[in-house]
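This report refers to the structure that appears directly beneath it.
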Amino acid sequence: MRSYFTVIQAVSGLSLQPIIAGRYRDRFARTADGWQFAERVVTIDLIGDVSGHLRGTRPAPVTD
1 MRSYFTVIQA
11 VSGLSLQPII
21 AGRYRDRFAR
31 TADGWQFAER
41 VVTIDLIGDV
51 SGHLRGTRPA
61 PVTD
């Protein structure tokens, strides 16, 4: 299953703008408890100007 997302934000001094867009590709598995995510692959297609949106330091990347 594919899903698409776009995050749109406006901050003081900047107009409404997309700051990130991408897709999820999900694979599901049936278990005794029902359907669950088996895998999620995230693809980032657009990273806009986030200089007015982020404050502080960037968090460390999440690794498995």
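The opening position of the sequence shown corresponds to residue 1 in our numbering, with each subsequent residue numbered one higher. Where a beta carbon is used, it is the ideal one built from N, C-alpha and C, also for glycine. Computed from a predicted model, the values in this text were never measured in an experiment.
Going by the DSSP bridge assignment, what does residue i pair with across the sheet?
i: S3; result: Y24
i: V43; result: Position check: residue 43 holds Thr in this sequence, whereas Val was assumed. Its beta-bridge partners are R23.
i: G34; result: T31
Is the CB-CB distance between residue i and residue j below 8 Å?
i: V7; j: G52; result: no
Rounded to whole angstroms, what is the Cα-Cα separation between residue i and residue j?
i: R26; j: R40; result: The sequence given here has Asp at residue 26, not Arg. Using only the alpha carbons, I get a separation of about 5 Å.
i: M1; j: I20; result: 20 Å
i: G34; j: F28; result: 10 Å
i: R30; j: G13; result: 48 Å
i: T63; j: G48; result: 24 Å
i: P61; j: A32; result: 33 Å
Between residue i and residue j, how many whole angstroms is the CB-CB distance? I'm expecting something under 8 Å.
i: V42; j: G22; result: 6 Å
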